[in-house]
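J.:
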Amino acid sequence: MHKDKFSIKSIPGWVYTLIIFGFLYLTGLHTEAIGQVQRALLATGIIQPTLKPQNENTAPINVNAPTVEPFSESVFQDFLLQDLNGNVIKFSTLKNKVIFLNIWATWCPPCVAEMPGIQGLYDKMKGNKNIAFVMLSVDEGGIAKVKKFIAKKDYTFPVYMPAGSVPAMFQTQTIPTTFILDKNGKIATRHDGMADYDTKKVQDYLNSLAR
């Protein structure tokens, strides 16, 4: 009687898959791995942000997004942000500027996927003093975790964390979520989920709002 010899070839494929995903999860690399796959999807150009036409006065920004609350002056007065150096600033310092506000987290694969595109957009728009970027992290791990992530990726766009409660008009059940505010502080458009923002269409949109 011959005993069956163990062979690596006899191991089912699903076991290898489970081991790989287990390793990625335990090492924290699963977010980056999934983000890379989603980044490849963004590179196809099929996922574009929802941009509300300038001649529309109605509010259907994204048919899948919840109703946006009317703008309140108190948003600018009461909303506090903390930068990665621990400095607390008032959202009101950005008043009268077009604001690109992206809500994200380090553990969110689609957030990781769209960030290179946002960096590309920021690089092209940072010369316009009438446009401000707010990359608002909702990580619960604190500034150190976010700061380490940003440094590792060499991102240079302005990153903040809430230094208090987030206004209702910016609260969302989906991340990433991106808001673009006009110079009057009203939400010009909103996009839930990841998108490719490093496009001429988005650049032109921001420039048109900043005039």
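The sequence shown maps to residues 1 to 211 in full-length UniProt numbering. Ideal Cβ positions, reconstructed from N, Cα and C, are used throughout, including at glycine.
Taking the alpha carbon of residue 177 as the point to measure from, which residue in 186, 160, 168 and 190 has its own alpha carbon closest?
T.: In the sequence shown, the residue the question calls residue 177 occupies position 177. Selected option, being the one with the closest Cα: 190.
J.: Suppose you measure from the CA of residue 205 to the CA of residue 130; what does that come to, to the nearest Å?
T.: Counting from 1 along the sequence shown, the entry for residue 205 is found at position 205. Counting from 1 along the sequence shown, the entry for residue 130 is found at position 130. For residue 205 and residue 130, the distance between alpha carbons rounds to 13 Å.
J.: In terms of alpha-carbon separation, which member of 180, 154, 105 and 211 lies closest to residue 52?
T.: Within the sequence shown, numbered from 1, the residue matching residue 52 stands at position 52. For residue 52, the nearest C-alpha among the options comes from 180.
J.: For the putative contact between residue 122 and residue 157, defined by C-beta atoms under 8 Å, what is the C-beta separation to the nearest angstrom?
T.: Position 122 of the sequence shown holds residue 122. Position 157 of the sequence shown holds residue 157. Sure, about 4 Å apart at Cβ, within 8 Å.
J.: Could you give the uninterrupted runs of the beta strand (DSSP E) lying entirely in the stretch 104 to 145, keeping only those of 3 residues or more?
T.: Entirely contained in the stretch 104 to 145, the beta strand (DSSP E) runs reaching 3 residues are, in chain order, 131 to 137.
J.: Going by DSSP, what residue range makes up the beta strand (DSSP E) through residue 188?
T.: Start at 1 with the first residue of the sequence shown, and residue 188 comes out as number 188. Note, residue 188: beta strand (DSSP E), 187 to 192.
J.: Count Cβ pairs between the stretch 183 to 199 and the stretch 147 to 167 that sit closer than 8 Å; are there 3 or more?
T.: They do not touch, by the three-pair rule.
J.: Between which two residues does the alpha helix (DSSP H) harbouring residue 204 extend?
T.: Translated into positions along the sequence shown, residue 204 becomes position 204. 200 to 210 is the extent of the alpha helix (DSSP H) around residue 204.
J.: Nearest to residue 167 by alpha carbon, out of 154, 80 and 128?
T.: Counting from one through the sequence shown, the residue named residue 167 turns up at place 167. Among 154, 80 and 128, the Cα nearest to that of residue 167 belongs to 80.
J.: Out of 93, 101 and 34, state which residue places its alpha-carbon closest to the alpha-carbon of residue 170.
T.: Taking the first residue of the sequence shown as 1, we reach residue 170 at position 170. When only C-alpha atoms are compared, the closest one is 101.
J.: With distances taken Cα to Cα, identify the nearest neighbour of residue 112 among 183, 34, 159 and 99.
T.: The residue you call residue 112 lines up with position 112 of the sequence shown. Among 183, 34, 159 and 99, the Cα nearest to that of residue 112 belongs to 34.
J.: Please classify residue 44: does DSSP put it in a helix, a strand, or coil?
T.: Position 44 of the sequence shown, counted from the start, is the residue given in the question as residue 44. Reduced to three states, the DSSP call for residue 44 is coil.
J.: Tell me whether residue 100 sits in a helix, a strand or coil according to DSSP, three-state version.
T.: Within the sequence shown, the letter at position 100 stands for residue 100. In this structure, residue 100 counts as strand in the three-state DSSP scheme.
J.: With DSSP run on the structure shown, which of helix, strand or coil describes residue 163?
T.: Here residue 163 is taken as the residue at index 163 of the sequence shown, counted from 1. It is coil, neither helix nor strand.
J.: Since residue 80 is in the beta strand (DSSP E), which residue starts that stretch and which ends it?
T.: As a working mapping, residue 80 is identified with position 80 in the sequence shown. 80 to 83 is the span of the beta strand (DSSP E), which, as asked, contains residue 80.
J.: Would you decide whether residue 119 is buried or exposed? Buried here means 16 or more other CB atoms lie within 10 Å of its CB.
T.: Within the sequence shown, the letter at position 119 stands for residue 119. Per the 10 Å Cβ criterion, buried.
J.: Would residue 125 and residue 104 be called neighbours here (beta carbons separated by less than 8 Å)?
T.: For this step, residue 125 is matched to residue 125 along the sequence shown. For this step, residue 104 is matched to residue 104 along the sequence shown. In this structure, residue 104 does not lie closer than 8 Å to residue 125 by Cβ.
J.: Determine the burial state of residue 196: buried for a count of at least 16 other Cβ atoms within 10 Å of its Cβ, exposed for fewer.
T.: Your numbering for residue 196 matches position 196 in the sequence shown. The residue in question, residue 196, is buried, as its Cβ has 16 or more Cβ neighbours within 10 Å.
J.: For residue 175, name the three-state secondary structure that DSSP assigns.
T.: Position 175 of the sequence shown, counted from the first residue, corresponds to residue 175. Coil.
J.: Under a three-way DSSP split, which group does residue 95 fall into?
T.: Stepping through the sequence shown from its first residue, residue 95 is reached at position 95. It is coil, neither helix nor strand.
J.: Note down the Cα distance separating residue 82 from residue 146, rounded to an integer number of angstroms.
T.: One-based indexing of the sequence shown puts residue 82 at position 82. One-based indexing of the sequence shown puts residue 146 at position 146. Distance between the alpha carbons of residue 82 and residue 146 is about 12 Å.
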